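*Asks:*
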Amino acid sequence: MTVNVKTLNDIIAPPGAAASALATEEYFVNMGPQHPIAHGSLRLVVRLDGETVREVIPVPGFVHRGIEKMAEHLSWRQLIHLTDRTDYLSALMNNWAVARTIEQAAGLATNDRIETVRTIVAELQRLQSHALWWGVLGMDLGAFTPFLYGFREREVISEIFEDTIGARLTMNYIQPGGLMYDIHPDFAQKTKRVLAYLKPKIDEYGTLLSGNVILQERLRNIGVLPAARAIALGCTGPVLRASGVPCDLRKVEPYGVYASAEFDVPVGSKGDCWDRYCVRIEEMRQSIRIVEQLIDHIPEGPHTTVKFGARIKVPEGIHYGQIETARGILGVTIVAGGKADAPYRLHFRSPNFNNLWAVTELARGWRIADIIAIQSTLDLVVPDIDR
Amino acid sequence: MARVKLTDTRKETRTLAGRPVPVVVTPRFARRGRLAVFADALASLLAGMRLTFGYLVRPSTVVTRQYPENRATLKLPARFRARLRLTLDEHGYQRCTACRLCERACPNASIRILTRPGALSKHELDRYIWRMDSCVFCNACVQSCPFGALEMTAEFEHAVFDRRLLIFTLNRYAGPPASVLLKEPDEAKRAAAMEPRDPYGGPVPLNGTDLPYLKALAVAPRPDPVRHAAAPAPGGQA
Amino acid sequence: MTGALAAFAAFGAAETATAWPVKTVAARAAEALPDNVWLAVLYMALALAGLGALVSGLGMGLIYLERKIAAHFQCRLGPMRVGPHGIFQTVADTFKLLFKEDIVPARADKALHVLAPFLAMTSTVLMLGVIPYSPVLQISDVNIGVLYITAVSGLGVMGILLGGWSSYNKWSLIGAMRGAAQIISYEVSATLALLVVVMFAGTLSLSGIVTSQAEGWWIWRAPVVGGIAFLIYLTASTAEINRTPFDIPEGESELTAGFHTEYSGLRFAFFFLAEFINMFVVAALTVTLFLGGWMPFHVGGANAFNAVMDLVPPGAWFLGKTALVVFVIMWFRWTFPRLRVDQLMRLEWKILLPIGFANLALGALAVLYSLYFFPGA
Amino acid sequence: MTALASGIERREKVNRPAVRVPAERLLEVAARLRDDPALAFDMLVDHAAIDWHAENRFELFYHLFSTAHGHALTLTAFVPRDAPVVPTVSRIWPVAEWQEREAYDLMGILYDEHPDLRRLFLEDDWQGFPLRKDYRDPDMLEFQK
Amino acid sequence: MMHDAALTVLFYAFGAFAILCALAVVNARRLLRAALALMFVLLASAGLYLLLGAEFLAGIQVLVYVGGIVILIVFAVMLTSASDLLEDHPSLGRMLAGAVASIGFLAFTGVVFARLELGPPAPGAHPPDDASAIGRKLLDFGAEGYVLPFELVSLLLLAAVIGGIVVARKTPPRHQPFTSGGDAPGEADIAMPRSQRDEPEGPHA
Amino acid sequence: MALIIDTLPGLAEKIPGGQVLVTSLDWLLNWSRANSLWPLSFGTKCCAIEMLMATGASHQDLSRFGAEVARNTPRQADVMVIAGAIVKKMAPRMRMLYEQMAEPRWVMATGSCAISGGPFMYNSYHIVRGADEVVPVDVYVPGCPPRPEAFFWGLLTLQRMIRRGETVRAPGVRRKPVLSALPQGIAVQDIRAEIHAALEAENVVDVENAAAASPWHGKLRQWMATNLYKP
């Protein structure tokens with residue numbers, strides 16, 4: 000039995016390929032690792048025929064830091080900070096995914112206040128993440144102004160986080176058994192103010208970008224991902240929902256206080272870039288709806304149920320937990336050895352990792368410019384892919 | 000305005016995994032005449048231009064905070080984490096007892112506590128070394144401290160030309176904590192026990208590897224690195 | 000083919016009697032030449048110096064303006080820290096680029112790489128020379144002005160093509176090919192729109208076209224035709240100067256920086272400057288052709304009204320109108336996303352070109368049957 | 000689960016339904032899991048490997064999910080450490096192609112008949128598989144609490 | 000006086016530049032440089048036309064030859080290959096053949112020029128130099144007019160354009176923007192979620 | 000332009016008043032460079048959001064410094080803003096980008112990851128512990144990630160450095176503040192008082208004045224004369 004292991008060169012420059020410059024119509028270009036299209040640092044090797052894409056070979060790993068290996072050396076509490084640095088745009092949701100898995104495994108209980116606050120900050124972050132995505136999509140498609148509008152909204156939400164959490168990006172806020180701090184006294188009031196500010200802004204997005212004929216033509220019918228294919232490729236989150244599958248963990252296996260909140264799952268009908276765009280815009284509205292329902296009813300209680308110094312005992316075994324982040328299902332597999340205050344093995348099922356590979360299918364046959372539309376609507380965060 | 004309005008959503012209930020899931024189906028494009036499409040296209044462009052123009056002519060929409068100019072009035076959130084400090088009590092004595100809980104809580108060894116035998120106590124703080132260059136500002140040290148000796152402050156202006164300057168000695172003096180000092184009634188003895196420390200004191204490392212104090216932490220390369228031997232070579236191994 | 004069309008447009012051209020004292024610098028120099036050679040030389044030197052000052056001043060001014068306007072579109076302030084409100088920002092940028100290392104990639108075609116930015120710049124500067132800024136401020140009034148403009152703007156393409164090709168970089172090459180294809184395509188539409196005005200004015204000379212608008216600007220004097228031609232010209236020339244939404248040759252998110260990816264320092268500055276001055280040229284041409292150039296807003300016969308309008312000097316009219324068009328082009332850029340390359344081509348060949356042809360035919364009919372305002376003038 | 004043939008047993012200590020299959024029967028079981036309409040595990044949520052160094056074997060786990068029924072299952076299989084070869088399931092779940100590449104890259108699991116078995120994150124000439132417990136890297140600073 | 004002297008200097012300058020660039024066209028080893036040199040030849044001859052007072056011709060020369068033909072050549076060169084396209088050193092036979100051909104051509108031109116009588120044009124035979132006169136001639140139906148050749152040429156060009164489109168068109172475009180169609184009905188069916196199917200509930204995790 | 004900078008000053012200094020000319024040229028050079036720092040966005044990770052995007056966004060507005068012209072091609076960039084972790088796979092690419100930048104070029108390392116490897120300093124097999132192992136870094140902006148304001152502070156620091164920096168008399172020689180210029184042999188503690196004072200004052204060590212006021216004046220002068228302005 001022989002297993003053939005290849006290298007990238009076998010694909011790009013297979014031995015024996017014609018070396019003649021005049022004989023080839025197709026050529027390779029490198030998008031990335033430092034290319035404006037590569038949000039972060041992803042390398043796309045693109046085989047082109049003129050402007051038409053023949054093949055896309057993603058080469059990740061330019062921010063591979065070995066987080067899974069590092070986690071094996073860190074205690075249950077310490078490894079939370081690593082999750083901030085995978086999908087940094089949904090850091091709180093990542094925190095929550097790991098914290099929740101540890102809580103489930105170790106049998107730690109939380110209270111309603113903790114869960115409500117977690118839900119609120121997670122939804123705020125989803126809003127923030129989508130606002131940023133919207134702006135970056137605009138920039139990718141050549142409109143710089145939406146980028147700044149998107150960031151303007153992000154900044155407004157960041158202010159809430161700065162007050163309560165004390166950080167803008169790498170939160171480390173949701174910890175096993177509780178929260179790092181209790182919410183800031185102004186939290187509810189400020190959040191309501193921000194929501195009131197955001198609602199008309201989302202309509203503005205419609206005027207500026209969504210309604211724009213150029214954007215619509217750049218997105219409509221581009222990169223169609225049928226539902227069956229999306230499932231087979233393991234896509235989750237807005238990408239899967241845009242294909243028409245209402246798969247949202249917040250509904251399918253509700254965590255936090257999502258069960259008590261009333262909201263709809265936005266789904267698309269075709270699975271093209273336009274649907275992915277609309278689903279995210281609609282998700283922003285739904286997030287606002289969720290937060291509005293919860294913000295006035297944060298129950299009283301302590302902000303943590305486990306003392307910081309207390310040792311968390313996770314029983315031996317494989318523990319899997321998952322959460323719906325802004326980009327899809329983040330699954331955390333914890334393999335506990337039983338005794339040590341550290342995981343024996345930690346594995347992240349990152350939503351971006353699976354969504355990335357849809358590029359290879361979606362971009363084929365389109366133009367260079369469409370890769371950008373496709374990649375932008377997949378909303379990839381590269382450090383989450385690389386881990 | 001355009002061929003599709005984002006608010007034209009349709010509510011439905013679908014089932015997934017045996018549960019009803021209320022969904023909003025996002026809008027698709029309507030079939031329109033060629034001329035209507037053209038008119039819509041123009042209208043959509045104009046609508047966008049109107050929006051941006053509205054921002055241009057309303058200076059009140061400018062949200063920029065002018066940082067270096069607004070330094071005097073800049074108010075940062077109290078919880079913002081940008082610099083670690085050792086707190087002092089009301090007498091100006093440090094609270095840190097050199098118990099090393101923070102050192103243990105730190106996920107990437109950015110804190111190193113050096114102790115020495117003291118005159119008033121068996122064991123007292125010599126240097127509290129904090130590596131700002133590698134700190135992740137996760138607040139674990141502050142949370143772990145049972146004495147409230149640590150705090151994160153929002154000072155953020157620390158840009159330097161040399162990385163070595165990001166390694167601080169946090170304690171103002173080497174010596175026992177307030178709890179011990181206050182037991183000693185003699186002022187002179189107290190003062191003698193407090194040897195001043197400078198933030199930039201001590202030789203500082205460039206790379207994390209050549210800091211003598213930190214050597215104990217870094218279990219540097221094992222004697223026989225098996226990296227090249229044990230792994231099966233990539234390519235055609237059974 | 001466009002040349003033949005121009006000939007067609009020139010058909011029926013008549014000497015336009017002008018009430019305005021148009022006197023170009025070249026004309027003064029020619030006048031002075033037999034008597035006083037040095038005066039002629041002085042005139043030419045002044046013209047050249049003026050052109051140089053115009054290029055640098057305009058370039059820096061426009062870049063500063065663009066940055067400020069962009070900033071305010073986006074709820075921010077723009078350059079603030081170099082001089083009051085950052086007015087010296089582009090000065091700093093210019094000197095920085097001047098003192099920066101010029102890199103020619105090792106495998107580049109050195110001669111062409113060096114030449115390309117100058118070609119791009121030359122075509123722009125050549126165009127500045129024939130624009131009538133005011134009745135007395137025009138360097139040379141070529142009697143085939145419109146044809147000259149069309150011909151010279153074609154040279155700029157060579158700059159882009161050679162710059163992209165000589166860089167030995169795939170992104171540059173793709174950008175250059177895109178740019179050339181785009182510019183050549185849109186030139187057709189732009190020319191078609193130009194021809195409408197040439198037909199109405201009955202002259203190819205730019206100052207002739209301006210004076211032909213003494214009774215009213217072509218955009219409204221030639222009822223629908225003028226408006227459509229104006230829109231086509233604005234769109235097509237925005238595409239010709241590679242501005243968003245047509246900035247495909249340097250589409251930042253796709254091609255890193257397009258044809259000038261490998262350019263640095265002074266030579267990059269030339270491309271950069273050429274882009275902005277091109278914007279001015281396009282705006283100035285739009286104004287000259289459709290909005291009356293330096294001609295105040297006149298309504299044929301309404302002499303009292305016209306007299307009031309004449310109080311504002313023609314140079315100010317020209318500047319004001321040009322600034323407006325420049326602003327509109329900037330406005331486009333800071334509002335719209337970028338088109339895809341095939342959509343761009345489709346827009347040109349399937350939408351603008353047919354409309355342009357139909358418009359030209361309509362215009363011909365209008366000229367033939369004098370179906371425009373104040374035909375007697 | 001009991002309907003499947005022998006050799007398949009319950010994997011204990013997993014917080015969701017889990018079965019262990021012999022590595023050589025992996026493909027057959029996987030195909031059945033996907034195609035059986037009552038099971039219909041159409042999504043491979045996650046796949047990775049655990050290095051049980053002390054026991055000298057790797058454990059591969061496959062988290063499955065059925066979007067039709069909403070049920071989940073974890074499939075695990077042991078492979079010996081010195082010959083970590085398993086059949087690829089990338090023909091059953093296309094996403095496995097990349098998840099397996101990751102497992103190859105970091106853990107050194109070799110997937111038989113994998114269409115494109117390459118390093119994923121690390122450079123092609125990287126030596127060793129870093130997630131293995133006995134991996135040592137001379138550049139790596141280690142500290143253990 | 001000054002004027003004429005300046006014109007003479009300019010004439011020789013343009014002429015010399017044209018000849019130099021023409022030499023560069025045949026001698027350049029890179030095709031693209033040759034194309035560029037060709038562009039300068041054409042520009043220099045446009046300059047000569049200007050000196051002769053034929054402004055319209057000069058304009059058309061630049062527009063058509065520089066703006067059209069040269070760019071076409073450059074396009075063709077670039078599309079053939081992205082490499083730097085060095086010409087081979089010609090073989091001896093080719094060089095000989097080239098020498099014979101050019102000497103023959105030179106002799107022929109010499110003979111032709113020797114027979115011509117060069118001198119100032121006759122007063123009546125001056126070609127029309129302003130655009131409107133050219134326009135009139137082009138669209139003149141009379142014996143002096145060129146309307147037939149003009150129309151023939153435009154037909155020819157049209158045929159060439161259509162032929163070019165036919166040759167260049169490879170595949171029909173997949174996506175038609177700016178069309179009236181919405182999403183075709185039934186397309187959404189492809190994306191019918193599997194969860195929509197009525198299937199018995201399975202065991203839960 | 001190499002001509003202007005390399006040859007001209009030598010000639011100009013000889014003519015009467017040449018000194019003034021060269022000095023004002025120095026001033027112009029450094030002023031224009033300091034005020035026109037076009038960043039090359041080298042963002043790999045979270046810091047990219049804060050350093051390269053949030054700073055440019057409306058609330059912070061990098062364009063106030065004239066630095067919003069983010070170039071995607073290294074040829075046109077002046078300062079490489081390294082935002083995020085550098086791993087072994089990226090390091091050669093980063094070096095290449097740095098080498099493709101046109102002189103004069105500066106590098107800012109922002110955030111713990113770029114400064115030292117930060118969160119991934121230990122136990123990571125793929126991290127490069129500090130961008131300065133790959134490219135020379137001029138300014139370090141600590142934080143994880145730093146606030147956008149902290150980035151501005153870093154930018155101001157860099158600007159101050161540039162203003163005092165280059166001179167046409169010695170092209171290519173960068174005048175850096177004392178600490179960077181210190182040889183490895185001199186322990187920091189030896190001059191910590193001076194450094195401390197200077198840091199308190201404006202976070203920049205003024206080469207001339209700080210050295211002149213210190214007992215280390217002679218030693219430092221000598222060292223600078225031998226090392227810094229070496230032809």
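Protein chains in written order, with numbering that gives the first Met the number 0: chain H, 0 to 386; chain L, 0 to 237; chain W, 0 to 376; chain B, 0 to 144; chain Y, 0 to 204; chain D, 0 to 230.
Every residue gets a Cβ at the ideal spot worked out from N, C-alpha and C, and that includes glycine.
Remember, predicted model here, so these are calculated numbers, not experimental data.
When you compare each of V223/H, A258/H, I384/H to G243/H by their alpha carbons, which one comes out closest?
*Replies:* V223/H
*Asks:* Cα separation between W37/D and S62/D?
*Replies:* 10 angstroms
*Asks:* Please classify Q188/H: is it buried, with 16 or more other beta-carbons within 10 angstroms of its beta-carbon, or exposed?
*Replies:* exposed
*Asks:* Could you tell me the alpha carbon to alpha carbon distance between A365/W and A221/W, rounded to whole angstroms?
*Replies:* 8 angstroms
*Asks:* Go ahead and label W95/H buried or exposed: buried means 16 or more other beta carbons lie within 10 angstroms of its beta carbon, across all protein chains shown.
*Replies:* buried
*Asks:* Please identify the residue among M160/D, K44/D, I14/D, W30/D whose C-alpha is closest to the C-alpha of W105/D.
*Replies:* M160/D
*Asks:* Could you name the residues of chain W that E143/Y contacts, counting a contact when the two beta carbons are closer than 9 angstroms?
*Replies:* Those do not exist, as E143/Y stays about 15 angstroms from chain W at its closest Cβ, beyond 9 angstroms.
*Asks:* At 4 residues or longer, and completely inside the region 230 to 274 of chain H: list those alpha helix (DSSP H) runs for me, N to C.
*Replies:* 237 to 241, 248 to 251
*Asks:* With a cut-off of 8 angstroms, does the C-beta of E122/B fall near any C-beta of chain D?
*Replies:* When Cβ-Cβ separations below 8 angstroms define contact, E122/B makes contact with chain D.
*Asks:* What does the alpha-carbon distance come out to for the pair P265/H and H129/H?
*Replies:* Looking at the two C-alpha atoms, the distance is approximately 14 angstroms.
*Asks:* If you compare alpha carbons, which of L203/W, Y147/W, R66/W, Q181/W is closest to L346/W?
*Replies:* Q181/W
*Asks:* Between S19/H and chain B, is the shortest Cβ-Cβ distance under 8 angstroms, so that the two count as touching?
*Replies:* Because the pLDDT at S19/H is just 43, under 50, the model does not fix this residue reliably, and the value given afterwards should be weighed accordingly. Closer than 8 angstroms: no.
*Asks:* To the nearest angstrom, report how far apart L39/D and R80/L are at their CA atoms.
*Replies:* 28 angstroms
*Asks:* Nearest chain H C-beta to N239/L closer than 8 angstroms, yes or no?
*Replies:* Residue 239/L falls outside the range modelled here, since chain L spans only 0 to 237, and no answer is possible.
*Asks:* Could you please give the first and the last residue of the uninterrupted alpha helix (DSSP H) stretch that includes N353/H?
*Replies:* 350 to 355
*Asks:* Does DSSP classify Y180/H as helix, strand or coil?
*Replies:* coil
*Asks:* Going straight from the alpha carbon of V84/B to that of P16/B, what length do you get?
*Replies:* 25 angstroms
*Asks:* CB-CB under 6 angstroms to N382/W, same chain, minus the five flanking residues each way: which ones, in chain order?
*Replies:* No answer is possible for residue 382/W: it lies beyond the span of chain W, which begins at 0 and ends at 376.
*Asks:* In this structure, what does DSSP give as the bridge partners for L345/H?
*Replies:* I333/H
*Asks:* CB V305/H to CB T115/H, shorter than 8 angstroms?
*Replies:* no
*Asks:* Would you verify that the beta carbon of A69/W is, or is not, closer than 8 angstroms to some beta carbon of chain Y?
*Replies:* no
*Asks:* What is the residue span of the alpha helix (DSSP H) that A90/H lies within?
*Replies:* 90 to 105
*Asks:* Which of the three DSSP states is assigned to Y147/W in this structure?
*Replies:* helix
*Asks:* Give the DSSP-derived three-state secondary structure of H318/H in the structure shown.
*Replies:* Three-state result, H318/H: strand.
*Asks:* Do you know offhand how far K109/W's Cα is from L31/Y's?
*Replies:* 12 angstroms
*Asks:* When the distance is taken between beta carbons, is V44/B closer than 8 angstroms to L74/B?
*Replies:* no
*Asks:* Shorter than 8 angstroms from the beta carbon of L165/L to some beta carbon of chain D?
*Replies:* yes
*Asks:* Identify the contact partners of S123/D in chain B, using a Cβ-Cβ distance below 8 angstroms as the criterion.
*Replies:* M139
*Asks:* Compare the C-alpha of G162/W against each of R66/W, E30/W, L172/W and name the closest.
*Replies:* Comparing Cα positions, the closest option is L172/W.
*Asks:* For L123/H, which residues from the same chain have a beta carbon less than 6 angstroms from its beta carbon, with the 5 sequence-adjacent residues on both sides left out?
*Replies:* Excluding positions up to five away in sequence, the list reads I156.
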